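The numbers in full-length UniProt numbering rise by one with no breaks, and the one at position 229 of the sequence shown is 229. Read the structure below first, then the notes.
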Amino acid sequence: MIPYAELPFPRTDAALNALRFAAGIEAPAIFNHSLRTYLYGRAAGERRGLRPDRDYDDELLFLGCVLHDAGLSDEGNGDQRFDLDGADLAANFLTEMGMPADRVEVVWDAIALHLCFDLAQRKRPEIALVSAGAGLDLGDDDPPVLPPGYADRVHTALPRLHAAAVLHDTIVGQARAKPHKAPPFSMPGELLRQQTGQRWPTWRELNEAGPWNDYAGLPPTTDPDTVRD
């Protein structure tokens, strides 16, 4: 039996294998979030006049969506930010399936850039719509993109299961165990800072810790009337 037969997912071998792979390694809330990301990403594309397999490769969009949070699984929990760990895990999985390198690269980019909305939107639709769909599933629908009642139908098929809370706790849990996965000024770093109250270094403090002594002899201020480039 084909899983989720009632939903408009691509039914290629690669898509079905990725679906099963993600289901086997991810928490149910994160897995459902990943599938909703595809449905919402496609809806965002339709709002822009983009049609699957006419204006973009639907299989690549699905692969980017269903695997975009693979870095939040035990298998994907490496030593980088979770978005990069997930991109690497997805690329290895697809390469082992025999997918050509140029197609793997698109999926890697889609996953690695999905937290960088403004940057992703400048890329090809298979990349841009992963980021857009993930944002929509976390409530970023202003101005409205999704048709009236669409989210209700999607949630009936793919319950939320406290998705935002599970994502937050998984990201922070990884970062607590491996703080280098949440560098300052990154999204994981900000979630960890909010949870722990940890203070981030200022620009000046970061540079004073470096080797170039750019602030040597300058007064302890960042007042633009005092400090000139």
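We treat Cβ as the ideally placed atom computed from N, Cα and C, and that holds for glycine. Given the structure is predicted, the values throughout are model-derived calculations rather than measurements.
Through-space distance from Ala216 to Val106, alpha-carbon basis: 45 Å
Range covered by the alpha helix (DSSP H) that runs through His168: Ala163 to Ala177
Sub-8 Å separation of Ala175 and Pro188 beta-carbons: yes
Contacts around Pro77, its chain only, beta-carbon distance under 6 Å, and the 5 residues preceding and following it disregarded: A small fix is needed here, since residue 77 is Asn in this sequence, not Pro. Closer than 6 Å at the Cβ level, and outside the excluded window around Asn77, lie Gln174.
Pair within 8 Å by beta-carbon distance, Leu192 and Pro125: no
Beta-carbon proximity of Ala128 to Trp108, cut-off 8 Å: no
Runs of alpha helix (DSSP H) lying entirely within the UniProt domain "HD/PDEase" (26-166), each at least 4 residues, in chain order: 28-47, 58-66, 82-96, 101-112, 117-120, 125-137 and 150-157
Leu61 and Glu75 closer than 8 Å at C-beta: no
Asp69: CB within 7 Å of a non-hydrogen atom of the ligand GDP: Only the bare structure without any ligand can be found here, which leaves the ligand GDP out of the picture.
Span of the alpha helix (DSSP H) around Gln194: Met187 to Thr196
Within 8 Å, strictly: CB atoms of Asp83 and Gly71: yes
Under 8 Å between C-beta atoms of Phe21 and Ala15: no
Bounding residues of the alpha helix (DSSP H) (the contiguous stretch that carries Asn207): Trp203 to Glu208
Distance between Arg204 and Glu96 (C-alpha atoms, nearest Å): 45 Å
Rounded C-alpha distance that separates Arg103 from Ala91: 10 Å
Asn17 versus Thr196: straight-line alpha-carbon distance, rounded: 38 Å
Whole-angstrom distance between Ser34 and Tyr40, CA atom to CA atom: 10 Å
Cβ neighbours of Ser73 in the same chain (closer than 6 Å, five flanking residues each side left out): Ile25 and Glu26
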